[in-house]
Amino acid sequence: MKKIVEGKIELEITTELKKDEFYNPAMSIVRDLNILVTSSLKSENSKYLDLLSSIGANALRIKKEVEIEVVANDISKNAIERLKKNAKNNKIEIEILNEDAKNLKIDEKFDFIDIDPFGSPIKFLPYIIKFLKKGTILSLTATDTSTLFGLKELTCLRRYGIKCSKTDFYRELGIRNLITATIFLFSKFNILSIPIFGYSEKHFVKVYFKIDKGKTKVNNYLEKNINFLSYCKNCLNREIGIKEFCNCGSKFTHFFPYFISEYVDKELLEKMEKELENRDYLPNYKKIKKIINMLKNENLKIPWYFDLHEIARKNKLQCIKKEKIIERLKKRYYASECFLESKAIRTEANIYEILSEIKNIMGP
Ligand SMILES: C[S@@+](CC[C@H](N)C(=O)[O-])C[C@H]1O[C@@H](n2cnc3c(N)ncnc32)[C@H](O)[C@@H]1O
Ligand SMILES: [Zn+2]
């Protein structure tokens, strides 16, 4: 047994590698983001459901650091015993349940629902529909990244209903795939899930959604925000919509459905920034500050980034500093760094314009 501190709580965790008393310190950034999103959007009587709480790292932190009512649930008896001890040691009171998330019998709606499973959250979504109301904030974490990133094409088609493939902008694809699949799952029930914040690093994808209801709203949202993506594996060119042949002569690979709009709500971002000011105790304070600052200047209406290392590798070129390329592109286009990938840029310029700038910088 060992004691660790995360945020404002102390957790007793087992040192045995038992999967059912799960605690992963590397995911503290996800819990920090949960604190910021929830505190930014909470109201006086908000109620939070942590559907898969394990030993309570997230549920207890939400109660302590955001000060709203929390219900925590996990199927594992051991995890729930540990959660109860952790709640007692921290003098925190939350409602604790020990059920299969698929059979939860609570007769109320929640303002916030967090789903953080091993792997994909998608299979839990049908079971939480009864807890959703207009305005519910749904927080999903996925760790099946090889599937979401387009490396396991058939698994992605089966699990998420999306046809896609390997790209140089795989983190962007992963976030957008989780968004698309969630939107389509709920759309069958006339529920609209609008993404309001997305992030990915290491082996996870995180997206927050705001729930709305009504079939016309869903229809209009789908019409505006879902399209095909044509991607050329030969030259890395990409276009929204369906086109058969790329300018390089190769056949485009088609991804569908693809979410083409922005997934970070700028108003929420401002609120998160304000919340962060008073929370320099957060374990990932500096990292999140950097992410927020980058997002303020990034245009996520451009639904991809370009990986400069991959462009250099494909074209047998020396890798040029991204700052130089951004500076040159900015004279004619929108161009910026990318909050998801340090060696990438986000720009409205196409691959040929980027290549021509790289060649100009390199000289004859
Ligand atoms: C990744 S852990 C959750 C970690 C936690 N959110 C945190 O921040 O530390 C996933 C948890 O889901 C639980 N779980 C898996 N299937 C479940 C089910 N059908 N119903 C309820 N809990 C389940 C597991 O016991 C495990 O504790
Ligand atoms: Zn091409």
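If you're matching positions, the sequence shown starts at 9 in my numbering and goes up one per residue. Ideal placement from N, C-alpha and C gives every residue a C-beta, glycine not left out.
Unbroken alpha helix (DSSP H) run spanning residue i, endpoints
i: Tyr229; result: 223-233
i: Tyr289; result: Note, Tyr289: premise wrong, no alpha helix (DSSP H); not H, not E.
i: Leu133; result: 133-136
i: Thr149; result: Element bounds for Thr149: not the alpha helix (DSSP H) but the beta strand (DSSP E), 145-150.
i: Ala95; result: 85-97
i: Glu365; result: 359-370
i: Thr190; result: 178-195
i: Thr261; result: Here Thr261 belongs to no alpha helix (DSSP H); instead the beta strand (DSSP E) covers 261-267.
i: Lys330; result: 330-337
i: Ile446; result: No information on residue 446 is available, as it lies outside the stretch 9 to 372 that the chain covers here.
i: Ile156; result: In the sequence under discussion, the amino acid at residue 156 is Leu, which differs from the Ile named in the question. Run containing Leu156: 153-156, per the alpha helix (DSSP H) assignment.
Own chain partners of residue i with C-beta closer than 7 Å, once the 5 adjacent residues on each side are dropped
i: Glu252; result: Lys259, Phe260
i: Asp220; result: Lys142, Leu200, Ile202
i: Ile17; result: Leu68, Arg69, Lys72, Asn98
i: Lys322; result: Leu244
i: Glu281; result: Ile300
i: Ser47; result: Val74, Glu283
i: Glu278; result: none
i: Phe347; result: Ile299, Met302, Leu303, Glu306
i: Thr175; result: Gly158, Leu181, Tyr239
Close-in-space but distant-in-sequence residues of the same chain around residue i (CB under 8 Å, 5 per side omitted)
i: Ala95; result: Gly64, Leu68, Glu101, Ile102, Ile104
i: Ile369; result: Ile328, Lys332, Ile333, Arg336
i: Phe317; result: The question names Phe, but residue 317 is His in the sequence shown. Counting only Cβ-Cβ distances below 8 Å, and skipping sequence neighbours, we find Cys327, Lys351.
i: Ala34; result: Lys210
i: Lys225; result: Leu200
i: Met9; result: Glu20, Ile21, Thr22, Thr23
Residue range of the unbroken beta strand (DSSP E) whose run includes residue i
i: Tyr168; result: No beta strand (DSSP E) contains Tyr168, which is instead part of the alpha helix (DSSP H) from 161-168.
i: Asp40; result: Not the beta strand (DSSP E): Asp40 falls in the alpha helix (DSSP H), residues 36-49.
i: Gly206; result: 199-209
i: Thr355; result: 352-355
i: Arg246; result: 246-248
i: Tyr341; result: Run containing Tyr341: none; DSSP gives neither H nor E here.
i: Glu18; result: 17-21
i: Tyr31; result: No beta strand (DSSP E) contains Tyr31, which DSSP labels as neither H nor E.
i: Tyr56; result: 55-58
i: Ala109; result: From DSSP, Ala109 is part of no beta strand (DSSP E); its letter is neither H nor E.
i: Lys309; result: Per DSSP, Lys309 belongs to no beta strand (DSSP E) and is neither H nor E.
i: Lys72; result: Looking at the DSSP string, Lys72 is not in any beta strand (DSSP E); the run it does join, the alpha helix (DSSP H), is 65-74.
i: Ile121; result: 120-123
i: Lys11; result: 10-14
i: Asn81; result: 77-81
Counted within 10 angstroms of its Cβ, other Cβ atoms place residue i as buried (16 or more) or exposed
i: Glu29; result: buried
i: Arg179; result: buried
i: Tyr168; result: buried
i: Cys164; result: buried
i: Glu331; result: exposed
i: Asp58; result: buried
i: Glu306; result: buried
i: Ala189; result: buried
i: Val78; result: buried
i: Gly371; result: exposed
i: Ser350; result: exposed
i: Ala150; result: buried
i: Asn242; result: exposed
i: Gly15; result: buried
i: Phe263; result: buried
i: Glu365; result: buried
Expected contact under 8 Å - CB spacing of residue i and residue j to nearest Å
i: Tyr239; j: Ser173; result: 7 Å
i: Tyr245; j: Ile268; result: The sequence shown places Asn at residue 245, not Tyr. Contact doesn't hold; Cβ gap of about 16 Å is too wide.
i: Ile334; j: Ala343; result: 5 Å
i: Asn81; j: Ser61; result: 6 Å
i: Leu193; j: Ile121; result: Wrong, their Cβ atoms sit about 14 Å apart, outside the cutoff.
i: Ile187; j: Gly206; result: 7 Å
i: Phe177; j: Asp315; result: 7 Å
i: Thr144; j: Asp119; result: 6 Å
i: Lys218; j: Ile204; result: 5 Å
i: Ile170; j: Pro265; result: 6 Å
i: Thr155; j: Phe212; result: Contact flag wrong, Cβ pair sits at about 13 Å.
i: Val45; j: Tyr216; result: 5 Å
Contact set for residue i: own chain, Cβ-Cβ below 6 Å, skip 5 residues either direction
i: Ile76; result: Lys50, Ser54, Tyr56
i: Leu41; result: none
i: Leu133; result: Leu193
i: Ser84; result: Asp28
i: Leu140; result: Ile219
Any C-beta of chain C under 8 Å from that of residue i
i: Asp288; result: Any reference to chain C falls outside this structure, which holds one protein chain only.
**Q.** Under 7 Å, CB to nearest heavy atom of ligand 2: contacting residues
**A.** So the residues near ligand 2 by this Cβ test are Cys240, Asn242, Cys243, Asn245, Cys254, Asn255, Cys256, Ser258.
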